[in-house]
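What the sequence shown shows, in numbering that gives the first Met the number 0, is residues 0 to 130, in sequence order.
Idealized CB from N, CA, C, for every residue including glycine.
None of these values were measured; they are calculated from a predicted model.
These notes concern the structure reproduced below.
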Amino acid sequence: MLVICATCFLLLSCKDEFNIPESDSYIDGDAPEVTEVISPIQDEVYTNTTSLPIIFTVKDNYFLGSIEVEVRDMSSNQSIFDDNISTKDSTFEYSSAVLLPENMPNNYELYITVKDEVENVNYKIVSFSTQ
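Below, the structure is given as structure tokens:
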């Protein structure tokens, strides 16, 4: 028993010489966040609009991986806009525009899916409509 304890003590005290990896390293368990959606505004009714900007910011405590953006027409449940971005930044500001059908009152939802480098996922849904 004494030999086993002495061997363990020797290995642990000399781990740098033997290149034994640290076992207490931090694992990223935090999902990225959609921190600010500037446009569209939740539950806003847009009038006489054929193009609407999509602007938001996402952040992660380490590195982002991918951002998926989709706008769905809720009456037909069809996608009218989608975009996929890959980035290794820790903060990313997305900016684009979606073309909306002219003179068609409708309800829409913006879906934002953000993954970090280790596949932690977070979602945000913003509902808006046109008149």
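- Shown here, Ile40 sits in coil according to DSSP, grouped into three states, outside any helix or strand.
- Separation of Val113 and Met0 (C-alpha to C-alpha, rounded to the nearest whole angstrom) is 52 Å.
- With contacts defined by Cβ atoms closer than 7 Å, Asp82 and Val68 form a contacting pair.
- Counting every other CB atom within 10 Å of its CB across the protein chains shown gives Ile53 a total of 16 or more, marking it as buried.
- DSSP, read as helix, strand or coil, puts Ile3 in helix.
- Here Val70 is buried: its Cβ has 16 or more other Cβ atoms, across all protein chains shown, within 10 Å.
- Per the DSSP secondary-structure output, Phe80 pairs in a beta bridge with Val70.
- Counting C-beta atoms within 10 angstroms of its own C-beta, Thr34 has fewer than 16 neighbours from the protein chains shown and is therefore classed as exposed.
- In the displayed model, Leu99 falls within coil according to three-state DSSP, outside both helix and strand.
- Taking a contact as a CB-CB distance under 8 Å, the pair Asp115 and Asp27 counts as one, their CB atoms being some 7 Å apart.
- Ranked by Cα distance from Asn119, the options Asp59, Ile40 and Pro104 are led by Asp59.
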